[in-house]
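Everything on this sheet refers to the single structure shown next.
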Amino acid sequence: MIPLFLLLLHTLGFYLVTLILIPSIAMVTAMLIGDFLKGLTSIALKRVVAPSVFTYLFFSTLSSYLTSAFKTYVIGYFISFLTLLLISQFVARLEKEVDKVELMDSIKYASRFFLFLGLAYLFGIYAPLFYPFLAVSLVYLIASPL
Numbered sequence: 002m003i004p005l006f007l008l009l010l011h012t013l014g015f016y017l018v019t020l021i022l023i024p025s026i027a028m029v030t031a032m033l034i035g036d037f038l039k040g041l042t043s044i045a046l047k048r049v050v051a052p053s054v055f056t057y058l059f060f061s062t063l064s065s066y067l068t069s070a071f072k073t074y075v076i077g078y079f080i081s082f083l084t085l086l087l088i089s090q091f092v093a094r095l096e097k098e099v100d101k102v103e104l105m106d107s108i109k110y111a112s113r114f115f116l117f118l119g120l121a122y123l124f125g126i127y128a129p130l131f132y133p134f135l136a137v138s139l140v141y142l143i144a145s146p147l
C-alpha cells in the first residue's frame, strides 16, 4: 500500500488528494460531529452540512482545475450553478424532515436563497441577468433567519 504522502509527489496524486480526499475528510468530520450532537442540529449536520461541504469543496476544486486547463470562465459559472443547486436540494430535503412549523418557512427560504444564487451564477456570464437573480436571492436570505 502506497502511503498517501507519496501521492503528493506526482501531479496526478496531488489532484486526487485535493479533489477527493480533502472534501471526503471534511464530510466525515461534519458527520462525526453530528453524531455527538442531538436533535435538529444533528440532523442538519448529517443531512445538509456534510454533503454541502463535500459538494462545495469538490466542485470548487474541480472548477479551478478546469478553468486553469481550458482558460475559460464559463466553466466556473456553470459549476457554481450546479454546486448551489445541489446545496439547495440538500436544504429542501431537510424541510421534509423538520416537524417544527416555525422552522419550515425558514428552511424553505434558505433553500430558495441557494437556488436563486445558483441561477444568478448560471446567468453570470451576462451581467444584466446576474443582478436580478442575486437581488431575489438576497431577499430570501434576509427572510430566512437560520
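Residue numbers for the sequence shown, in the numbering used here: 2 to 147. We put the beta carbon where it would ideally sit given N, CA and C, even for glycine.
Distance between Pro129 and Ala51 (C-alpha atoms, nearest Å): The alpha-carbon separation between Ala51 and Pro129 amounts to approximately 34 Å.
Supposed close pair Phe55, Ser25 - CB separation, criterion 8 Å: Indeed, because the Cβ distance is near 7 Å, the residues count as touching under 8 Å.
Are the region 97–110 and the region 59–70 touching by the rule of at least three beta carbon pairs closer than 8 Å? Here the region 97–110 does not lie against the region 59–70, with fewer than 3 beta-carbon pairs under 8 Å apart.
Pick out whichever of Phe114, Phe60 and Leu58 has its Cα sitting closest to the Cα of Ala136. Comparing alpha carbon positions, the residue from Phe114, Phe60 and Leu58 closest to Ala136 is Phe114.
Here's the rule: buried if 16 or more other CB atoms are within 10 angstroms of the residue's CB, otherwise exposed. What is Ala1? Past the boundaries of the shown model lies residue 1; the chain is included only from 2 to 147, so the question cannot be answered.
By how many angstroms is the C-alpha of Met32 removed from the C-alpha of Lys39? So the two alpha carbons sit approximately 12 Å from each other.
Buried versus exposed call for Leu22 [16 or more other C-beta atoms within 10 Å across all chains shown]: A residue is called buried once 16 or more other Cβ atoms fall within 10 Å of its Cβ, and Leu22, having fewer, is exposed.
Have a look at Phe131 and Ala27 and give me their C-alpha separation to the nearest angstrom. Phe131 and Ala27: Cα-Cα distance of roughly 31 Å.
Ordered along the chain, which non-local residues of its own chain (more than five positions away) have a Cβ less than 6 Å from that of Leu116? Only residues of its own chain outside the window of five on either side were considered, and among them Ser89 have a CB closer than 6 Å to the CB of Leu116, listed in chain order.
Cβ atoms of Leu120 and Ile108: under 7 Å apart, would you say? Not closer than 7 Å, so no.
Under 8 Å Cβ to Cβ from Pro146, same chain only, skipping five residues before and after it: list those, please. Counting only Cβ-Cβ distances below 8 Å, and skipping sequence neighbours, we find Ser107.
Specify the secondary structure class of Lys109 as computed by DSSP and reduced to three states. Correct three-state label for Lys109: helix.
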